[in-house]
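Trainee: This is the structure, below, for whatever I ask next.
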Amino acid sequence: MKFRPLHDRVVVKRLEQDEKTTGGIIIPDTAKEKPMQGEVLAVGPGAKDEQGTVQPLDVQVGDTVLFGKWSGTEVTVDGEDVLIMKESDIMGVLEGQAEGKKAA
Numbered sequence: 004m005k006f007r008p009l010h011d012r013v014v015v016k017r018l019e020q021d022e023k024t025t026g027g028i029i030i031p032d033t034a035k036e037k038p039m040q041g042e043v044l045a046v047g048p049g050a051k052d053e054q055g056t057v058q059p060l061d062v063q064v065g066d067t068v069l070f071g072k073w074s075g076t077e078v079t080v081d082g083e084d085v086l087i088m089k090e091s092d093i094m095g096v097l098e099g100q101a102e103g104k105k106a107a
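Residues in the sequence shown are numbered from 4 upward in steps of one, following our numbering.
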């Protein structure tokens with residue numbers, strides 16, 4: 004992706020949810036809710052504090068995050084539907100969900 008967010012903005016791709024419930028019922032597209040989980044594709048450098056120092060973001064590229072249902076702005080970048088939101092719209096990072104992350 005050739006998009007660099009500014010300040011404390013984050014680019015998130017929604018993760019698709021299962022089409023079946025645990026009971027085996029198939030959910031049609033019209034009844035599905037938008038998923039509230041996503042993978043971070045790009046992050047900005049951070050927001051400036053009152054002294055002008057850049058505060059880096061807590062989320063990193065590759066993190067799986069949980070965000071509000073109506074968070075962010077939906078845009079299409081390079082033919083891919085993504086959300087651009089502020090880091091403050093992200094509720095948290097789902098640990099152990101990100102692929103390719105090294106265990107600490």
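Think of the CB as a built atom: it goes at the ideal place given N, C-alpha and C, for glycine as much as any other residue.
Can you look up Glu98 in the DSSP assignment and give me helix, strand or coil?
Mentor: Taking the sequence shown and counting its residues from 1, the one referred to as residue 98 is at position 95. Reduced to three states, the DSSP call for Glu98 is coil.
Trainee: Between the beta-carbon of Val14 and the beta-carbon of Ala45, is there less than 8 Å?
Mentor: In the sequence shown, residue 14 corresponds to position 11, counting from 1. In the sequence shown, residue 45 corresponds to position 42, counting from 1. In this structure, Ala45 lies closer than 8 Å to Val14 by Cβ.
Trainee: Keeping to the same chain, check which residues put their C-beta closer than 7 Å to that of Lys104; ignore five residues upstream and five downstream.
Mentor: Numbered from its first residue, the sequence shown carries residue 104 at position 101. Note that Lys104 scores a pLDDT of 45, beneath 50, so its modelled location is shaky and nothing firm can be said.
Trainee: Specify the secondary structure class of Glu53 as computed by DSSP and reduced to three states.
Mentor: Indexing the sequence shown from 1 puts residue 53 at position 50. The answer is coil: DSSP assigns Glu53 none of H, G, I, E or B.
Trainee: Quick one: Cα of Lys16 to Cα of Gly55, how far?
Mentor: Taking the sequence shown and counting its residues from 1, the one referred to as residue 16 is at position 13. Taking the sequence shown and counting its residues from 1, the one referred to as residue 55 is at position 52. Computed Cα separation, rounded: 30 Å.
Trainee: Could you compute how far the alpha carbon of Leu69 sits from the alpha carbon of Glu19?
Mentor: On the sequence shown, residue 69 is found 66 positions in, with the first residue counted as 1. On the sequence shown, residue 19 is found 16 positions in, with the first residue counted as 1. Cα to Cα, Leu69 sits roughly 13 Å from Glu19.
Trainee: In terms of alpha-carbon separation, which member of Pro48, His10, Leu60, Val43 lies closest to Asp84?
Mentor: Numbered from 1 along the sequence shown, position 81 holds the residue referred to as residue 84. Among Pro48, His10, Leu60, Val43, the Cα nearest to that of Asp84 is on Val43.
Trainee: Mind checking whether Gly47 and Leu9 have CB atoms under 8 Å apart?
Mentor: Looking up residue 47 in the sequence shown gives position 44. Looking up residue 9 in the sequence shown gives position 6. Yes. Within cutoff.
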